[in-house]
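Reviewing the structure listed below.
Numbering (the UniProt record's numbering), first residue to last: 1 to 397.
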């Protein structure tokens, strides 16, 4: 290729051709033909490899295999001249139809033009889009036909978020799977309101975004799947704000419905267990080896004549007197295969109206990873001190 030809191409507009998916050139303008050293007739019907490098052909084949949205895009392509030279170009392409067949129309300029920067940005955008599209996390970006005015009162900002023409700018396949989008439906083309309707929960979600300047992690919301089921989700959200105008926001979303169901179930089980413990006729307390009172049921509150919160402030050592240390009780319990004291032992409960002998059974367990004792403090019948003393002596054997 001569310097004159290169200058001609650089200064006389784009090199244009139309390609078919079967690997042939449908049309080529005279400018491109002359630049490459051919006549237009030489190019029409020719294979791509006549004028495109191997890398360029692989890019073109990939475009036909998975066509992007039908809008103009920018790619770098190598052109082959009749003398075999490879000329790097920057191409803008779009899709067109020729005789009912979808074809690729390319407008190319030799590398070194101002379009190179656009090509570099387009490549970076393609890489980032590919990363987001391939992510297992549901990713999304929402924008508005009319930017949201953040200087308005909060209730007005909330209204604008839902009513200023929100639309999806980009959502990946994981997003479509999360919301059970039908296979023949383009998620990005659907109205935002279909999964993010204006509900009291979602209005509260938007208010929390406003208060956090649209920069949050793990924020809950309640969304509607395409199968009609509401799901509880957590959102990481960022906003693009310029001059008090919200243009778009984006983030990732995680379905936490099963975790919330599990949490609700566990809370119910805990409440049921607490009800059972509180209703036990025998006084039951939970203490740490250091003597901190962690729990006392209703019967224990009656035994000590005080509420659990007040008893906890006094400390277990001020409430019960053993003939041994708590460490010794822990050692005795741990030595038992059932993690239960081998035999009851006696102790004295300190009450506002005096002392009372009790028969103690102890069990060992770990509470949130910390060793703890469950003590059942059963009053000795009739407060018989001699029986208490006998039990105490039996516990020492």
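Note that the Cβ used here is the ideal one computed from N, Cα and C, for glycine as well.
Three-state secondary structure assigned by DSSP to residue 348:
Residue mapping note: residue 348 aligns to position 348 of the chain shown, counting from 1. Here residue 348 sits in strand by DSSP.
Going by DSSP in three states, residue 195 sits in which element: helix, strand or coil?
The count along the chain shown starts at 1 and reaches residue 195 at position 195. Coil.
Kindly indicate which residue of 306, 150, 26 has the alpha-carbon position closest to the one of residue 211.
The sequence position of residue 211 within the chain shown is 211, counting from 1. It is 150 whose Cα lies nearest to the Cα of residue 211.
Restricting to Cα atoms, I'd like to know which of 345, 348, 360, 326 is closest to residue 371.
Within the chain shown, numbered from 1, the residue matching residue 371 stands at position 371. Checked all of 345, 348, 360, 326; the closest Cα to residue 371 is 326.
Closest Cα partner of residue 97 within the set 27, 358, 297:
Sequence index remark: in the chain shown, residue 97 carries index 97 (1-based). Ranking the options by Cα distance to residue 97, first place goes to 27.
Exposed or buried, residue 156, counting other C-beta atoms within 10 Å across all chains shown (16 or more means buried)?
Taking the first residue of the chain shown as position 1, residue 156 is located at position 156. It counts as exposed.
Mapping DSSP to helix, strand and coil, what is residue 7?
For the purposes of this step, residue 7 is identified with residue 7 of the chain shown, where counting begins at 1. Interpretation of residue 7 is limited by its pLDDT of 44, a score under 50 that renders its predicted location unreliable; the figure taken from the coordinates is listed afterwards. DSSP places residue 7 in helix when its eight states are reduced to three.
Buried or exposed for residue 55, going by 16 or more other Cβ atoms inside 10 Å?
The residue labelled residue 55 in the question sits at position 55 within the chain shown. By the 10 Å Cβ count, residue 55 comes out exposed.
Per the DSSP calculation, residue 221 is bridged to which residue(s)?
Indexing the chain shown from 1 puts residue 221 at position 221. Note: residue 221 sits in a beta bridge opposite 233.
Quick one: what's got a C-beta closer than 8 Å to residue 281's C-beta in the same chain, skipping five residues either side?
Taking the chain shown and counting its residues from 1, the one referred to as residue 281 is at position 281. Short of 8 Å from the beta carbon of residue 281, and not among the five residues preceding or following it, lie these beta carbons of its own chain, in chain order: 299.
Could you tell me whether the Cβ atoms of residue 354 and residue 316 are closer together than 7 Å?
The residue labelled residue 354 in the question sits at position 354 within the chain shown. The residue labelled residue 316 in the question sits at position 316 within the chain shown. It is not a contact, given that the beta carbons lie outside the stated cut-off.
Which listed residue (172, 227, 36) has its alpha carbon closest to that of residue 251
Stepping through the chain shown from its first residue, residue 251 is reached at position 251. Checking every option, the nearest Cα to that of residue 251 belongs to 172.
Taking buried to mean at least 16 other C-beta atoms within 10 Å of its own C-beta, is residue 239 buried or exposed?
On the chain shown, residue 239 is found 239 positions in, with the first residue counted as 1. Result: buried.
Note the first and the last residue of the continuous alpha helix (DSSP H) segment covering residue 187.
Position 187 of the chain shown, counted from the start, is the residue given in the question as residue 187. No alpha helix (DSSP H) holds residue 187; DSSP gives it neither H nor E.
Would you say the beta carbon of residue 160 comes nearer than 6 Å to a heavy atom of the ligand ZN?
This structure simply doesn't include the ligand ZN, nor any ligand for that matter.
Of all the options 214, 244, 159, 248, which has the alpha carbon lying nearest to the alpha carbon of residue 170?
Taking the first residue of the chain shown as 1, we reach residue 170 at position 170. Minimum Cα distance to residue 170 is reached at 248.
Determine the closest residue to residue 214 out of 61, 199, 234, 246, with distance taken between C-alpha atoms.
Taking the chain shown and counting its residues from 1, one reaches residue 214 at position 214. Closest by alpha carbon: 246.
Excluding the 5 residues preceding and the 5 following residue 381 in the sequence, name in chain order all residues of the same chain whose CB lies nearer than 6 Å to its CB.
Residue numbering aside, residue 381 sits at position 381 when the chain shown is read from its first letter. Cβ within range, chain order: n/a, list empty.
For residue 418, the three-state DSSP class (helix, strand or coil):
No answer is possible for residue 418: it lies beyond the span of the chain, which begins at 1 and ends at 397.
Relative to the alpha-carbon of residue 365, which residue among 313, 352, 343, 285 has its alpha-carbon at the smallest distance?
Working through the chain shown from its first residue, we reach residue 365 at position 365. Taking only the C-alpha atoms, the option nearest residue 365 is 285.
If you draw a straight line from the alpha carbon of residue 161 to that of residue 225, how long is it in whole angstroms?
Here residue 161 refers to the residue found at position 161 of the chain shown. Here residue 225 refers to the residue found at position 225 of the chain shown. Spanning the two alpha carbons is a distance of roughly 20 Å.
Between the Cα of residue 218 and those of 209, 234, 318, spot the shortest distance and give me the residue it belongs to.
The residue you call residue 218 lines up with position 218 of the chain shown. Checked all of 209, 234, 318; the closest Cα to residue 218 is 234.
Could you check what DSSP says for residue 16 in three-state terms: helix, strand or coil?
Here residue 16 refers to the residue found at position 16 of the chain shown. Of the three classes helix, strand and coil, the one that applies to residue 16 here is strand, per DSSP.
According to DSSP, is residue 36 part of a helix, a strand, or is it coil?
Along the chain shown, read from residue 1 onward, the residue named residue 36 stands at position 36. Reduced to three states, the DSSP call for residue 36 is helix.
For residue 88, list the residues DSSP reports as bridge partners.
Taking the first residue of the chain shown as 1, we reach residue 88 at position 88. Answer is 78, bridged to residue 88.
In terms of residues, what are the limits of the alpha helix (DSSP H) holding residue 303?
For the purposes of this step, residue 303 is identified with residue 303 of the chain shown, where counting begins at 1. 298 to 304 is the extent of the alpha helix (DSSP H) around residue 303.
Along the chain, where does the beta strand (DSSP E) containing residue 255 start, and where does it finish?
Walking along the chain shown from the start, residue 255 turns up at place 255. First-last of the beta strand (DSSP E) with residue 255: 245 to 255.
Given residue 295, which residues of its chain have a CB within under 6 Å of its CB, disregarding the five upstream and five downstream residues?
Against the chain shown, residue 295 aligns to sequence position 295. Excluding residues within five positions, the ones whose Cβ falls inside 6 Å are 286.
Starting from residue 310 and walking both ways along the alpha helix (DSSP H), at which residues does that stretch end?
Taking the chain shown and counting its residues from 1, one reaches residue 310 at position 310. It spans 308 to 314 - the alpha helix (DSSP H) in which residue 310 sits, taken as one unbroken run.
On the DSSP letters alone, give me the boundaries of the alpha helix (DSSP H) that residue 332 sits inside.
For this step, residue 332 is matched to residue 332 along the chain shown. 326 to 334 is the extent of the alpha helix (DSSP H) around residue 332.
Host alpha helix (DSSP H) of residue 158 (start-end):
On the chain shown, position 158 is the one that residue 158 refers to. From DSSP, the alpha helix (DSSP H) with residue 158 extends over 154 to 163.
Close-in-space but distant-in-sequence residues of the same chain around residue 376 (CB under 6 Å, 5 per side omitted)
On the chain shown, position 376 is the one that residue 376 refers to. Excluding positions up to five away in sequence, the list reads 282, 284, 361.
Assumed close pair residue 311, residue 293 - CB separation to whole angstroms, cut-off 8 Å
What you label residue 311 is simply residue 311 of the chain shown in a count that begins at 1. What you label residue 293 is simply residue 293 of the chain shown in a count that begins at 1. Indeed, because the Cβ distance is near 6 Å, the residues count as touching under 8 Å.
Applying the criterion that 16 or more other CB atoms from any shown protein chain within 10 Å of the CB defines a buried residue, is residue 32 buried or exposed?
Residue mapping note: residue 32 aligns to position 32 of the chain shown, counting from 1. Result: buried.
Counting along the chain, where does the beta strand (DSSP E) carrying residue 283 start and finish?
Walking along the chain shown from the start, residue 283 turns up at place 283. Note, residue 283: premise wrong, no beta strand (DSSP E); not H, not E.
Thinking C-beta only, is residue 232 closer than 7 Å to residue 257?
Position 257 of the chain shown holds residue 257. Position 232 of the chain shown holds residue 232. Cβ distance < 7 Å, so residue 257 and residue 232 count as in contact.
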